[in-house]
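Presented below is the structure to which this report refers.
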C-alpha cells in the first residue's frame with residue numbers, strides 16, 4: 001500500500017507534467033476506496049481533491065494565457081498592418097484557432113441595403129462560404145442587431161428564436177454546421193459588422209471565450225473604421241484646396257464668434273441692462289430677439305436696424321405659434337440646445353431655454369431670415385446663457401425685495417405689530433406714507449399663484465407707490481387711500497396679462513392709522529372666500545359692499561345661520577311645509593327675475609295670475625318687502641334656504 005508521502009509525491013509529478021483530468025480521477029477513486037479504518041484517509045482524499053482543483057486552475061490560467069496572447073497578437077497586427085483584408089483574415093484565423101472551431105468568418109453591414117456581407121472566412125468546405133451574405137433582419141444577425149450582445153446556439157438550423165434565411169440555412173446544411181457563436185463589431189454604440197465561429201457538433205461556449213471573441217471583434221471594428229478613415233483622409237487630400245477654403249471660412253466664423261462673445265461679456269461685466277444685451281445680441285445675430293419670462297410674457301426685445309420680419313411684432317403668449325414655441329422650449333430644456341420652433345413667410349423662430357440654478361427662468365426667441373451655421377447657433381446659445389445670468393441677478397434682487405416686502409407686510413398685518421414708527425420708516429422707501437390714511441386690498445388670483453402674480457406686477461412696474469406681496473396664498477396690497485382707485489383700475493386693465501381675468505378682491509375702508517391694519521386684515525381675509533362662493537370675478541369690491549354677505553358667511557355657527565333664516569322667511573317655509581305649497585320657491589324666482597311676475601310665471605310653468613295670488617299670500621305672511629334692504633335680506637335668505645334644500649335633497653337621494 002502506498003504511503004501518504006508517496007501519493008502526495010505522485011500528485012506533484014502529475015501537476016508538473018500537466019497530466020489529464022482522468023489520471024487525477026483515478027487517484028481520487030483509489031483514495032476513496034481505502035479502508036475506513038486506515039489512518040489519515042479523509043486527509044488523503046482532501047489532498048487529491050485539492051490537487052485536482054489546482055490542476056483545473058492551471059488549466060483555466062493556460063486558457064486565459066492563450067486568449068490574451070491571441071488578443072495581444074491581434075492588437076500588434078492592428079498597429080502594424082494597413083492592409084484591411086489581411087488584417088481581418090488574421091483575426092478570423094485567430095478566432096478559429098483560439099476557439100478550436102470548425103469555421104470562422106467576419107462580415108460588415110451595408111446600412112443602405114440592410115445586408116451583412118462576409119469579408120473574410122476560414123474553415124469552409126464549400127465555395128459558397130467564401131461570399132456568405134444575409135439580411136440584417138434574418139438569422140442570428142437579427143438577434144445580434146437587436147440585442148447588441150453575443151449570441152450562441154447549439155443547434156442553429158432548429159433554433160426558433162429568429163427568422164431563418166433559406167439560402168443561408170442551405171449553406172449550413174452543406175457544411176454540416178450545428179453550433180454557432182457570434183459577437184457584434186461595435187463602433188460608437190452602432191453595429192457595423194459581425195464575427196462568427198461555427199462547429200459541426202453541439203457546443204457550449206464559456207463567458208471567457210465570449211469575452212475574448214468580443215475583444216477580437218473590437219479590434220476588427222477598429223481596423224474597419226481605420227481603413228474607412230484612411231479612405232476619407234485620402235479623399236480629403238485630393239480635395240485639399242476646397243478644404244483649405246472651408247478652413248479659412250471656419251476660422252473667420254470662429255473669430256467673429258469670439259469677437260461677439262467678448263462684446264457680450266464686456267456688456268455683462270459692465271452690468272448692462274437686459275434691454276441693452278438684447279440689442280447687442282440682435283445686431284450680432286442679424287435678427288430680432290425677444291426675451292420671455294416663465295409665463296411666456298415679453299420682458300425685453302431687440303431689433304437690428306433694417307430688419308423687416310414681422311414675427312416679433314405678431315408674437316403673443318397664446319398666439320398661432322404658441323404650441324410650436326412651447327414644444328421647442330421643452331426640447332431645448334431636455335437637450336440643452338436651441339431648437340427651431342417654426343418657419344413662416346421666410347422667417348424662422350429659434351428658441352433657447354434660459355436655465356438658472358436648475359430652474360427654467362424663461363426663453364430667448366430669435367427671429368431671422370435665412371439659415372444659421374453651427375458656429376452662429378453656438379453664439380446664439382452662449383448669448384442665451386448670458387441672458388440667464390442677467391435674469392438670475394434680477395431674480396436675486398427680486399427675491400431680496402420680495403423678502404423685505406413680505407417681512408414688512410407681515411409686520412403690519414400681525415396682531416402683534418412691531419414698532420409702528422419703525423414700520424412707517426420701512427414703508428417710506430416703497431412710496432407709502434403710513435402717516436396718511438391707507439387702504440388694504442386682498443386679491444384672490446384664481447388659478448395663478450399669488451407669488452407669481454406679485455412677480456408679474458413688479459416686473460411690469462404696474463403698482464408704483466404700493467406695498468404688495470404674496471401672504472399665505474393671497475395677494476396683499478397696501479397703498480395710500482388716494483391711490484386705491486388707481487390700483488383697482490390697474491388690476492382691471494392689466495389683470496389678464498399679469499395673472500388672468502379670474503381674479504376677485506376686496507378693498508378696505510380708509511384706515512387712518514396703521515394700528516388698524518391687523519384687525520381689518522383679519523376681516524378681509526375672512527370675507528375674501530365669500531367672493532368666490534357668490535361668483536364674483538374680475539373685480540375688486542369694497543369692504544362695505546361685503547358687509548351683509550360677510551355677516552352671513554364668515555361664521556361657522558349653524559345655529560346663528562338657522563336663526564337668521566327663521567327670522568326672515570321662517571313663516572313662509574313653515575306655511576309651505578304645513579300646506580304643501582311652493583310660496584318660498586315662487587318668491588325666489590320672482591326676485592331672480594328682477595320682480596317680474598310674468599317672467600317668473602314662465603320659469604315656474606304656471607299662469608301669471610297664480611304668481612300674483614301667491615305673492616299676495618306671501619305679503620300677508622311676511623309683510624311688505626318693497627324696501628330695498630328688506631328685499632335684499634329676504635332674497636339672500638331665500639338663496640341660503642335654496643342651497644340648504646338642495647343639499648338635503650341630494651343626501652336623501
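Numbering (full-length UniProt numbering), first residue to last: 1 to 653.
All residues carry an ideal CB built from backbone N, CA and C; glycine is no exception.
Small disclaimer: the values here were computed from a predicted structure and weren't measured.
Quick check on the DSSP output: the beta strand (DSSP E) that includes residue i runs from which residue to which?
i           : result
residue 106 : 103-110
residue 280 : No beta strand (DSSP E) contains residue 280, which is instead part of the alpha helix (DSSP H) from 274-285.
residue 350 : 347-356
residue 290 : 288-293
residue 602 : No beta strand (DSSP E) contains residue 602, which is instead part of the alpha helix (DSSP H) from 597-604.
Would you mind stating whether residue i and residue j have Cβ atoms separated by less than 8 Å?
i           : j           : result
residue 361 : residue 392 : yes
residue 123 : residue 137 : no
residue 117 : residue 110 : yes
residue 473 : residue 503 : no
residue 309 : residue 369 : yes
residue 505 : residue 441 : yes
residue 383 : residue 292 : no
residue 132 : residue 105 : yes
residue 432 : residue 480 : yes
residue 592 : residue 528 : no
residue 603 : residue 589 : yes
residue 347 : residue 311 : yes
residue 672 : residue 212 : Past the boundaries of the shown model lies residue 672; the chain is included only from 1 to 653, so the question cannot be answered.
residue 518 : residue 414 : yes
residue 174 : residue 126 : yes
residue 587 : residue 618 : yes
Quick check: what's the CA-CA separation for residue i versus residue j?
i           : j           : result
residue 295 : residue 353 : 13 Å
residue 555 : residue 488 : With a pLDDT of only 49 at residue 555, under the threshold of 50, the placement of this residue in the model should not be trusted, and no figure is reported.
residue 79  : residue 215 : Its pLDDT being 48, under 50, residue 79 is placed unreliably by the model, and the measurement read from it follows with that caveat. So the two alpha carbons sit approximately 15 Å from each other.
residue 307 : residue 342 : 18 Å
residue 9   : residue 49  : 14 Å
residue 289 : residue 540 : 37 Å
residue 690 : residue 323 : Since the first residue of the chain shown is 1 and the last is 653, residue 690 is not available in this structure.
residue 569 : residue 610 : 20 Å
residue 579 : residue 572 : 11 Å
residue 574 : residue 634 : 15 Å
residue 108 : residue 182 : 13 Å
residue 219 : residue 202 : 28 Å
residue 166 : residue 94  : 29 Å
residue 427 : residue 408 : 7 Å
residue 601 : residue 625 : 19 Å
residue 229 : residue 84  : 12 Å
residue 356 : residue 336 : 12 Å
residue 26  : residue 172 : 41 Å
residue 100 : residue 206 : 13 Å
residue 449 : residue 381 : 31 Å
residue 565 : residue 639 : 10 Å
residue 434 : residue 455 : 24 Å
residue 87  : residue 385 : 49 Å
residue 279 : residue 459 : 19 Å
Looking only at its chain, what residues have a beta carbon closer than 6 Å to the beta carbon of residue i, apart from the 5 residues adjacent to it on each side?
i           : result
residue 142 : 162
residue 153 : 159, 180
Tell me where the alpha helix (DSSP H) around residue i begins and ends.
i           : result
residue 455 : 450-459
residue 149 : Per DSSP, residue 149 belongs to no alpha helix (DSSP H) and is neither H nor E.
residue 302 : Here residue 302 belongs to no alpha helix (DSSP H); instead the beta strand (DSSP E) covers 298-302.
residue 620 : 608-622
residue 332 : 322-335
residue 479 : Careful: residue 479 lies outside any alpha helix (DSSP H), inside the beta strand (DSSP E) at 474-480.
residue 93  : 84-99
residue 591 : 583-592
Just tell me which of the options has its CA closest to the CA of residue i.
i           : options            : result
residue 147 : 515, 372, 194, 590 : 194
residue 567 : 627, 637, 381, 520 : 637
residue 97  : 85, 108, 121       : 121
residue 583 : 641, 626, 428      : 641
residue 327 : 340, 285, 465      : 340
residue 304 : 229, 281, 298      : 281
residue 439 : 521, 453, 446      : 521
residue 544 : 577, 507, 412      : 507
residue 299 : 581, 119, 606, 387 : 387
residue 680 : 378, 542, 618, 129 : Nothing can be reported for residue 680, as the shown portion of the chain is limited to 1 through 653.
residue 314 : 140, 631, 275, 344 : 344
Cutting at 8 Å between CB atoms, please list the residues of its own chain near residue i, excluding the five before and the five after it.
i           : result
residue 463 : 457, 477, 479, 487, 490
residue 654 : The requested residue 654 is not part of the displayed model; the chain covers only 1 to 653.
residue 621 : 571, 572, 575, 583
If you drop the 5 nearest sequence neighbours on each side, which residues of the same chain put their C-beta closer than 7 Å to that of residue i?
i           : result
residue 351 : 325, 328, 329, 332, 338, 339, 341, 363, 365
residue 451 : 470
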